[in-house]
DNA sequence: TGACACATTCGAAACGTTTAGATTAGCTTT
DNA sequence: AAAGCTAATCTAAACGTTTCGAATGTGTCA
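Residue numbers (my numbering), protein chains in the order written: chain A, 1 to 339; chain B, 1001 to 1339.
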């Protein structure tokens, strides 16, 4: 900017005024300055600007795994929204690891991000402290966090799983295996509650042996499914509460020589873009990823626009059961049992 | 830092020296300073540091679509690599749009990223100029760019498609539909060359009518497939040169009432994480995403470590044909034709 | 012809670091 | 005891912006 000012024979203040439109600059000087900018190929240094202004027009986004199609889709939507608003997005993947998450959030705050969208991981205590220290608005995504009372966008997980399990029950399934994530994050808790309530509402017992937990990865889903399928009285249906884990479930079913839906019905949380092209077409609980991403972005953009003092807003969206062909009716069995 | 210095009754220079270890500080003052840092909860301002140092420890990464599983995987690997190195990653999705790409690269350069990894889009002319202006190292990912002579990591696309088409030919397929991306980016060009060469090597004609192009999206694959399937003498196999488009291909096959592989064989570029779980299990050309991401990160990290003057390095990796069950042998047909 | 308002432009002080070079004090050496 | 080292610390100038308040010039009104 100094060079531009010299070339145009004006002060840097005038150049700044022209660039930002913060004061009227005479046509004559404007022309000279614009010419100088072109000649020199001047680009404003956003770092210096950030230092002075105290804002970076950059936000931080952390998710557990970007390869999880749900997060991939949400990240994509969020990125687009902030791109439109002229913000850059710093993306971090925590790999479901608490320490990694802490490091990354600190990294983002060090870089003075203007705001944070966090699909958190593990225990909330440290997150709580970090967020309190950080003087930036935070939006929780997908997962609430005890002690952190801030804007959030989540799904009505309990209801969504309730509906899915009820669907299986209505098809005649009585023993429904359930695979959950180990970590005690809110969605896992709520989904489990939905499972239990659906069974209870149907007058069915909640059997310990039918509930298996894993660590969110495909291999964990595989192992959990292997255990379920080796039970003496094995389940007729399996619900996987997590998207990548259901791939493991399908592999386990294949490896053990069974097929879906003939031998075992499968449903899971989170939809796949390709669900209705390949066989079996999985019955899933689809999250409204577009809405989730947009709402999260809007909440944060609203805070960034200056609305700092509004009370925390918690948006709860509805999931949608996508019924396909991976779950088989067990009517015959039901009748023989109830007869 | 000023407050810390005052609280510890030292100069800011001493505080800086201690924090960065750039000079020896007496144990006495060190203790006072560390105490003050704790008391105040001081965090170094990375923006001010960047301004002074001329480095942000942040890199920019642009890809066409993050929802394309290939890019999802590569982004994930790259993010991890830079995270380990203490760098932040700014992610942008260009949506295969040239103007968006320009805007985003400018946005990244404005923010003084230390380096850039670009899976480019469209015509390379503007990219060439931007990269020349920007004084940062650039690594091209997946797609080369004429006129931009810089580090790059790409696949041997020609060979990979040659192998895939040859495989189909060996199965007895004579009319092989080919769906490509419209844009004239290097991989599309090379893949097309591989297709033509494989046919020629087998003494087969390259028929215009069997080649369709689309715009990388599922819907484009759908439309292209519809056209191919409506041909009077329709192909017995279809190869889709792009990952999302093959979903469209499968939908079109389903909608038209055919099935794969019984009525038509399908193969495509880029593997899916779930390829071997669902039916049909697609035969694909798998890219070594882990290696691609790591190599790209390493190339850039090497430049960032100071190795600026080394000549541009172009890494060409090999694809791998993953043979599954989406392609059917046509032995009987072949014999009747050649008889 | 002052006095005043208004429109432009400018000088200089921030923002929070890093770092070169100056200063000081305590030793060693001759 | 003067001179020369060394180690520890400090002063002050950058980095490239924004912005406040001052300065300058021009036209209007009494």
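Glycine residues also receive a C-beta, built at the ideal position from the N, C-alpha and C atoms.
Subject >> Sequence-distant residues of its chain with Cβ nearer than 8 angstroms to residue 262/A (five each side left out) >> reply: Here residue 262/A has 328 as same chain residues with Cβ atoms under 8 angstroms from its own Cβ, once five neighbours each way along the sequence are excluded.
Original post:
What does DSSP give as the partner residues of residue 1250/B in its beta bridges?
Top reply: Answer is none; residue 1250/B lacks a bridge partner.
Subject >> Expected contact under 8 angstroms - CB spacing of residue 1142/B and residue 1160/B to nearest Å >> reply: By a beta-carbon distance limit of 8 angstroms, residue 1142/B does not contact residue 1160/B. Their separation comes to about 13 angstroms.
Original post:
From the beta carbon of residue 257/A, is the nearest beta carbon of chain B less than 8 angstroms away?
Top reply: So no, residue 257/A is outside the interface.
**OP:** Can you check the segment 1224-1285 of chain B for any alpha helix (DSSP H) of at least 4 residues that lies completely inside it and give the ranges in chain order?
**Re:** With a minimum length of 4 residues, the unbroken runs of alpha helix (DSSP H) contained wholly in the segment 1224-1285 of chain B fall at 1243-1255.
**OP:** Using DSSP bridges, identify the partner residues of residue 1213/B.
**Re:** DSSP output for residue 1213/B lists 1180/B as bridge partner(s).
**OP:** Given a cut-off of 8 angstroms, decide if residue 197/A and residue 239/A are closer than it, judged by their beta-carbon atoms.
**Re:** Contact flag unset, no.
Original post:
Since residue 92/A meets chain B, which of its residues come closer than 8 angstroms, beta carbon to beta carbon?
Top reply: Within chain B, the residues near residue 92/A are 1079, 1083, 1088, 1089.
**OP:** Taking residue 1104/B as the query, report the chain A residues whose CB atoms sit under 9 angstroms from its CB, ordered along the chain.
**Re:** Taking a Cβ-Cβ threshold of 9 angstroms, the residues of chain A close to residue 1104/B are 83, 88, in chain order.
Subject >> Interface residues of the segment 36-51 of chain A facing chain B [CB-CB below 8 angstroms] >> reply: With the criterion set as a beta carbon lying under 8 angstroms from some beta carbon of chain B, the members of the segment 36-51 of chain A are 41, 43, 44, 45, 46, 47, 48, 50, 51, in sequence order.
**OP:** Find out if the Cβ-Cβ distance for the pair residue 47/A, residue 1090/B is shorter than 8 angstroms.
**Re:** No.
**OP:** With a cut-off of 8 angstroms on the beta carbons, I'd call residue 124/A and residue 96/A a contact; round off their distance for me.
**Re:** Contact doesn't hold; Cβ gap of about 14 angstroms is too wide.
Subject >> Rounded distance between the beta-carbons of residue 1224/B and residue 1256/B, thought under 8 angstroms >> reply: About 13 angstroms separates the two Cβ atoms, so there is no contact after all.
**OP:** Could you name the residues that DSSP lists as bridge partners for residue 1117/B?
**Re:** Note: residue 1117/B sits in a beta bridge opposite 1061/B, 1139/B.
Subject >> Neighbourhood of residue 190/A by C-beta, 6 angstroms cutoff - its chain only, sequence neighbours within 5 removed >> reply: Here the set comprises 157, 158.
Original post:
Cβ atoms of residue 1182/B and residue 1215/B: under 8 angstroms apart, would you say?
Top reply: With contacts defined as CB atoms closer than 8 angstroms, residue 1215/B and residue 1182/B qualify as a contacting pair.
**OP:** Can you tell me which of 324/A, 244/A, 258/A puts its alpha carbon nearest to the alpha carbon of residue 69/A?
**Re:** Proximity to residue 69/A across 324/A, 244/A, 258/A peaks at 244/A, based on C-alpha coordinates.
**OP:** Determine, using beta-carbon pairs with one atom in the segment 283-300 of chain A and one in the segment 67-81 of chain A, whether at least three such pairs fall under 8 angstroms.
**Re:** Segments in contact, yes.
**OP:** Give the C-beta separation of residue 1152/B and residue 1140/B to the nearest angstrom, bearing in mind that I take them to be a contact with Cβ-Cβ under 8 angstroms.
**Re:** Residue 1152/B to residue 1140/B, Cβ: 4 angstroms. Contact.
Subject >> Supposed contact pair residue 176/A and residue 1277/B - C-beta distance, whole angstroms, cut 8 angstroms >> reply: Contact doesn't hold; Cβ gap of about 21 angstroms is too wide.
**OP:** Reducing DSSP to helix, strand and coil, say where residue 1307/B ends up.
**Re:** Three-state result, residue 1307/B: coil.
Original post:
In terms of residue numbering, what span does the beta strand (DSSP E) encompassing residue 316/A cover?
Top reply: For residue 316/A, the enclosing beta strand (DSSP E) begins and ends at 314-317.
**OP:** Compare the C-beta of residue 15/A with all C-beta atoms of chain B and state if any pair is closer than 8 angstroms.
**Re:** No, its Cβ sits nowhere closer than 8 angstroms to a Cβ of chain B.
Original post:
Could one say the Cβ of residue 182/A lies closer than 8 angstroms to chain B's Cβ atoms, at least one of them?
Top reply: Answer no: the Cβ-Cβ gap between residue 182/A and chain B never drops below 8 angstroms.
Subject >> Which of helix, strand or coil DSSP assigns to residue 1/A >> reply: The three-state secondary structure of residue 1/A, taken from DSSP, is coil.
Subject >> Test: residue 1073/B CB closer than 8 angstroms to a CB of chain A >> reply: By this cut-off, residue 1073/B is an interface position.
Original post:
Can at least three beta-carbon pairs, one atom from the segment 29-41 of chain A and one from the segment 8-15 of chain A, be found at a separation below 8 angstroms?
Top reply: By the Cβ rule, the segment 29-41 of chain A counts as touching the segment 8-15 of chain A, because three or more pairs are nearer than 8 angstroms.
**OP:** Can you give me, in chain order, the residues of the segment 116-140 of chain A that have a beta carbon less than 8 angstroms from any beta carbon in chain B?
**Re:** Legend: CB atoms of the segment 116-140 of chain A lying less than 8 angstroms from CB atoms of chain B belong to residues 133.
Original post:
With DSSP run on the structure shown, which of helix, strand or coil describes residue 1155/B?
Top reply: Reduced to three states, the DSSP call for residue 1155/B is strand.
Subject >> Within-8 angstroms CB hit, residue 1012/B to chain A >> reply: No, its Cβ sits nowhere closer than 8 angstroms to a Cβ of chain A.
Original post:
The beta strand (DSSP E) with residue 1145/B in it runs from where to where?
Top reply: Run containing residue 1145/B: none; DSSP gives neither H nor E here.
Original post:
Of all the CB atoms in chain A, is at least one closer than 8 angstroms to the CB of residue 1058/B?
Top reply: Yes, residue 1058/B lies at the interface with chain A (some Cβ there is under 8 angstroms from its Cβ).
**OP:** Whole angstroms is fine: what's the gap from residue 1226/B's alpha carbon to residue 1170/B's?
**Re:** In this model, residue 1226/B and residue 1170/B are separated by some 25 angstroms (Cα to Cα).
Original post:
Considering only C-alpha positions, which residue in the set 1110/B, 1062/B, 1080/B, 1067/B is nearest to residue 1092/B?
Top reply: Among 1110/B, 1062/B, 1080/B, 1067/B, the Cα nearest to that of residue 1092/B is on 1062/B.
Original post:
With 16 other CB atoms within 10 Å as the buried threshold, where does residue 1057/B fall?
Top reply: Under this definition residue 1057/B is a buried residue.
**OP:** Would you identify the three-state DSSP class for residue 1160/B, choosing helix, strand or coil?
**Re:** Residue 1160/B falls in the helix class under three-state DSSP.
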